[in-house]
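Novice: Below are the structure tokens for one structure; questions will follow.
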Amino acid sequence: MEKLSLSLPEDLNRRVFIKGLGFVSVGLLLGTLGGCEELIEAIKNRPVRRRLRTGSAEVDADIATYRQAVTLMKGLPAGDTRSWNNQAQIHGTVAGGFNFCQHGTPHFFDWHRAYLFYFEKICQKVTGNAKFGLPYWNWNQNPDIHPAFLDTTSPLFLARNHTSMAGIGAVSTAELDPIFGDTNFFTFAQQIEGTPHNTVHSYTGGTMGTGGSALDPIFWAHHCMVDYCWAKWNIDLHNNNTNDSTWINTVNSHFVDADGNPATETAGITTLMPLLSYQYESSAIGSSPAAAAIKTKREFQELEKRIRAGANIRFEIKQRIRLADKEAISIARPLSKEARLSPDDFGAIINSDATKDRIFVSIEFAQLPPTSDFFVRVFVNFPTANSNTPNDDPHYAGSFAFFGTEQPSPAESEHKHQPRFLVNITNTLQKLKKNQELKDGSPISVQLVAVPFAGKFEREDTQLILEKIEIITTPVIVNPPSR
Amino acid sequence: MRTMVKTLALRKMHCCVCVILFFFAVGRAAVGSVGDSESKEVEGGDAVYYLDTTNPSITQPIESRNASLEECKFVQIEVTEVRNPKKYSLTFQVYFQSKSKEKVYLGSFSLYPPDNPGRFIVATQGKLKDQGAIIVSMVTPDKVDPGDTVRVAVKKVKLLKGS
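Those sequence lines, one after another, are chains A and B.
Everything in the first sequence is counted per my numbering, starting at 5 for the first residue and increasing by one.
Everything in the second sequence is counted per my numbering, starting at 78 for the first residue and increasing by one.
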């Protein structure tokens, strides 16, 4: 069986580009753009998110700052995007349900992490306390809502149906341990959402049980705990996030920065936030004990490397079908290629939910394009797809983008970076088959459609030098995380 | 400076191999009759079962057809419709019941908001055995006033394989 290596060599130009993006990204995560020394100091001294509990002077100080922030945000004019109501409305409203929050999707974790990140920045700004970290409600270790949120005269109070999660299975060690034993990013996230997250919202009740839950100050402490679950699973328990580029490059928006300006983040950037912009005071969740703090630079670098890399995935290719060979294609014109194959050739995969094999389109380019202000959508059996075809069309399979551009090279023989993309089309084929839009015996075709990021291409005459397009079938083997 | 920036670079973001993974395969191992709940067939042959305060549970026998039970990592429960105008908190407890009627607790999930449908998974933890059944029980932690409606439609439970 043929093995496919996913590692790619880096060329000099790409490294230069990576450095630039890395620097800016880190600056944004820290809310500062200074020299290296400032960045190192900011990372070292990033705010601490502490576990809500009584008897800790540090936690009491955090609660006092939080109380002040809530008061100040509630006092901001209605037109200020940082006001308490406006911040809550990003998530949803009591009567209208959800607005922009992600629930029941693969972006539950990252959307809420970005939401908390910007909210924390606003708290820091309005209180003038740049070291403030949102406290988290560890409902597993401390099932009672902290008394500071129960004082009816406090801005942290809101009427709730229940003020303790004691005795509720969804936050118990017995239920959390199997969830934390799951090494798959997506199913772990799905279980955390459905079990402790939903149950705490729903059981606490009152405003917390509605789409407008962010109006209740305990919302932020609850979601901080949900975020800590992710961070603990990823950092302390050595599990890896997905390296699916569609997930990584998904842009979450509708947030507001500390100055009230619109802000966006990619899902990929959020994976670095607990390393670069805040840190959790460790505590136990279920049978997973509090972890020792990272002490050495080397430990930090190794952790950062692992988090950037994501999951370790291996393929064992069973079948390859060539769709296209080397040719120059214009980004201004969608490309459509037809295979001498029909859905019944993949019947064992399309018609069975039990098989582990998946069908991918593999797209290889001879070099990076001269511009990269666009992404490419991949459709199946939709020859008329164009840049206006939305990604919720049933023929849509996925997308990819180029990072970096080809630079003129003095030596023709010098190594060029050859971007390669894999897009899983299994579910799209299954969906089309189910909708009777895919008939046995009719050929399968694949469309590539370039879509400009900013609504317009920087250069419409940009050409992509295609190396080949293939359809491959392979199981996806997620290797166990390194410990 | 050079080293620092390199360390901070988003190396992963530039790995130009992108894999769009659908993270698990669906195993249609669990398809069976309904126990104590009304059912109806919907388009595509998917049965829908109704849970309410009078009939809060469904029992669905496991018929291991396409996949071995050891490979099934999750029970998937899809709540398709909720009538809960008073927004009572709704939790669903999932059990495996063996041939000898012994019930093994697998896990729980809740609706948020409590009238919001969705698709949920609960880990099997390797506790499924052949010729058993999956039980899904709706629990309302707060007392439901007589006359209030709480009615939930649930699709046939599915067993999912892991990645």
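Glycine residues also receive a C-beta, built at the ideal position from the N, C-alpha and C atoms.
So with CB distances below 9 Å, who are the chain A contacts of A200(B)?
Specialist: In chain order: P182, I183, G185, D186, T191, Q195.
Novice: Have a look at R362(A) and D220(A) and give me their C-alpha separation to the nearest angstrom.
Specialist: Between R362(A) and D220(A), the C-alpha separation is close to 44 Å.
Novice: Output the distance between the C-alpha atoms of T246(A) and T274(A), rounded to the nearest integer angstrom.
Specialist: Cα to Cα, T246(A) sits roughly 12 Å from T274(A).
Novice: Comparing C-alpha positions only, which one of S214(B), Q202(B), L183(B) sits nearest to T136(B)?
Specialist: For the residues S214(B), Q202(B), L183(B), the minimum Cα distance to T136(B) belongs to S214(B).
Novice: My understanding is that A332(A) touches I473(A), with C-beta atoms under 8 Å, so please give their C-beta distance in whole angstroms.
Specialist: At roughly 14 Å, the Cβ-Cβ gap does not stay under 8 Å, so A332(A) and I473(A) are not in contact.
Novice: In chain A, which residues lie less than 8 Å from L188(B) when you measure between Cβ atoms?
Specialist: The contacting residues are N202, S206.
Novice: Should T393(A) be flagged as near chain B, meaning a C-beta pair shorter than 8 Å?
Specialist: No, its Cβ sits nowhere closer than 8 Å to a Cβ of chain B.
Novice: Which residues of chain A have a Cβ atom closer than 7 Å to the Cβ of F173(B), listed in chain order?
Specialist: Near F173(B) there are no residues of chain A at all, since even the closest Cβ is about 13 Å away, more than 7 Å.
Novice: Can you check whether the CB of Y165(B) is closer than 8 Å to the CB of A230(B)?
Specialist: For A230(B) and Y165(B), no; Cβs fall outside 8 Å.
Novice: For V455(A), collect the residues of the same chain with a Cβ closer than 7 Å to its Cβ; drop the 5 residues on either side in sequence, then sort them by chain order.
Specialist: Cβ within range, chain order: F378, F379, R381, S391.
Novice: Comparing C-alpha positions only, which one of I448(A), S286(A), V255(A), I429(A) sits nearest to Y232(A)?
Specialist: For the residues I448(A), S286(A), V255(A), I429(A), the minimum Cα distance to Y232(A) belongs to S286(A).
Novice: Using the beta-carbon of each residue, which ones in chain B are nearer than 9 Å to A174(A)?
Specialist: The contacting residues are T168, G184, S185, F186, S187.
Novice: Straight-line CA distance for E320(A) to N428(A)?
Specialist: Cα-Cα distance, rounded: 15 Å.
Novice: Is H166(A) near G209(A), with beta carbons less than 8 Å apart?
Specialist: Contact: yes.
Novice: One question on the structure: do S185(B) and E303(A) come within less than 8 Å of each other, judged by their Cβ atoms?
Specialist: It is not a contact, given that the beta carbons lie outside the stated cut-off.
Novice: Quick check on G79(A) - is its C-beta less than 8 Å from some C-beta in chain C?
Specialist: The structure shown contains no chain C; the protein chains it does contain are A and B.
Novice: If you follow the beta strand (DSSP E) that K164(B) is part of, which residue opens it and which one closes it?
Specialist: Here K164(B) belongs to no beta strand (DSSP E), and DSSP marks it neither H nor E.
Novice: Going along the chain, which residues of the stretch 143-168 of chain A sit with their C-beta nearer than 9 Å to a C-beta in chain B?
Specialist: So the close ones are N165, H166.
Novice: From this set, G264(A), G314(A), N265(A), which residue's C-alpha is nearest A271(A)'s C-alpha?
Specialist: Among G264(A), G314(A), N265(A), the Cα nearest to that of A271(A) belongs to G314(A).
Novice: Exposed or buried, F326(A), counting other C-beta atoms within 10 Å across all chains shown (16 or more means buried)?
Specialist: Inspection of the sequence shows that residue 326(A) is occupied by Arg rather than by Phe. Label assigned to R326(A): exposed.
Novice: Using CA atoms only, rank isn't needed, just tell me which of R55(A), D84(A), G216(A) is closest to W143(A).
Specialist: With distances taken between Cα atoms, W143(A) lies closest to R55(A).
Novice: If the cut is a Cβ gap below 7 Å, which residues of chain A does R228(B) touch?
Specialist: In chain order: nothing, as chain A lies at least about 17 Å away.
Novice: Closest to T131(A) by CA distance: which of L80(A), H111(A), N146(A), G173(A) is it?
Specialist: Considering only alpha carbons, the answer is L80(A).
Novice: Provide the residue span of the alpha helix (DSSP H) that contains F121(A), from first to last.
Specialist: 112-131 is the span of the alpha helix (DSSP H), which, as asked, contains F121(A).
Novice: What three-state label does DSSP hand M169(A) in the structure shown?
Specialist: If DSSP states are grouped into helix, strand and coil, M169(A) belongs with coil.
Novice: Reducing DSSP to helix, strand and coil, say where D181(A) ends up.
Specialist: If DSSP states are grouped into helix, strand and coil, D181(A) belongs with the helices.
Novice: Does any CB atom of chain A fall closer than 8 Å to the CB of G195(B)?
Specialist: By this cut-off, G195(B) is an interface position.
Novice: Residues in the stretch 204-223 of chain B with C-beta within 8 Å of chain A's C-beta atoms, listed in sequence order?
Specialist: Those residues of the stretch 204-223 of chain B that come within reach of chain A (Cβ to Cβ, closer than 8 Å) are P218, D219.
Novice: Check whether the stretch 135-150 of chain A and the stretch 249-256 of chain A are in contact - that is, three or more C-beta pairs closer than 8 Å.
Specialist: No, the stretch 135-150 of chain A is not in contact with the stretch 249-256 of chain A.
Novice: In angstroms with no decimal places, state the Cα-to-Cα distance between F520(A) and L154(A).
Specialist: Here chain A covers residues 5 to 487 and nothing more, so residue 520(A) does not appear.
Novice: How is the beta strand (DSSP E) around Y127(B) delimited, first residue to last?
Specialist: Here the beta strand (DSSP E) through Y127(B) covers 124-129.
Novice: So, is A389(A) buried or exposed, given that buried needs 16 or more other C-beta atoms within 10 angstroms?
Specialist: Counting Cβ neighbours within 10 Å, A389(A) comes out buried, since at least 16 surround it.
Novice: Within the continuous beta strand (DSSP E) that includes D231(A), where are the two ends?
Specialist: That residue, D231(A), is in no beta strand (DSSP E); its alpha helix (DSSP H) goes 222-235.
Novice: For N49(A), which residues does DSSP report across the bridge?
Specialist: DSSP lists no partner for N49(A).
Novice: Residues of chain A with a CB under 8 Å from the CB of P133(B): which are they?
Specialist: Near P133(B) there are no residues of chain A at all, since even the closest Cβ is about 16 Å away, more than 8 Å.
Novice: Under 8 Å by Cβ, that's how I've got T217(B) and S187(B) pegged, so tell me the actual separation to the nearest angstrom.
Specialist: 11 Å between Cβ atoms; not a contact.
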